[in-house]
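See structure below.
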Amino acid sequence: MVRSLAAMAPLSHFIHSEMVPGTNADTRAKIEAGLASSLDTYHHPTSTVPIGGNGDSHAVVDGEGRVRSILNLRVVDASILPDVPSVATNVTTLITAEHVAAKIKGLA
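Under the working numbering, the first residue of the sequence shown is numbered 185, with each subsequent residue one higher.
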C-alpha cells in the first residue's frame with residue numbers, strides 16, 4: 185500500500201528511490217525481513233545535566249549555562265533542560281540557547 189501511494193503524484197516527484205526494504209524486496213516475507221532488520225529507535229536525550237539555581241542540588245549549570253565548579257565552561261544544549269519537554273527538543277533547545285545568550289549579553 186505504501187509503495188502504491190508513493191508512486192502517485194505529487195508525492196512521487198519527491199521520492200528518488202526506496203531505501204528500506206528496497207525494490208528487490210518483492211515478497212511479503214522479504215518486505216517484513218527488510219523492515220525488521222532496519223528498525224531503530226531515535227532518541228532525543230535531554231535533562232542529563234539540568235540547569236538550575238544556586239539552591240538546586242541537582243543542577244549542573246546555572247541560568248547562564250556556566251558549569252558549576254569549572255571556570256569558563258558553558259553548556260547550552262538539550263542536556264541542561266531541567267525536565268524532559270513534551271514537545272520537539274529542537275525548538276526547546278534553540279529557545280534555551282537564545283535565553284542563555286541574552287543573559288550573557290546582558291539583555292535578559
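Glycine residues also receive a C-beta, built at the ideal position from the N, C-alpha and C atoms.
| Check | Outcome |
| --- | --- |
| Counterpart residues of Ile235 in DSSP-defined beta bridges | Val245 |
| At least three beta-carbon pairs within less than 8 Å, the segment 243-263 to the segment 189-209 | no |
| Top-ranked residue by Cα proximity to Gly171, from Thr232, His283 and Arg252 | Given that the chain is displayed from residue 185 to residue 292, the structure contains no residue 171 and the question cannot be resolved. |
| Cβ neighbours of Val233 in the same chain (closer than 7 Å, five flanking residues each side left out) | Val244, Val245, Val259, Ser263 and Ile264 |
| Secondary structure of Val186, DSSP reduced to three states | helix |
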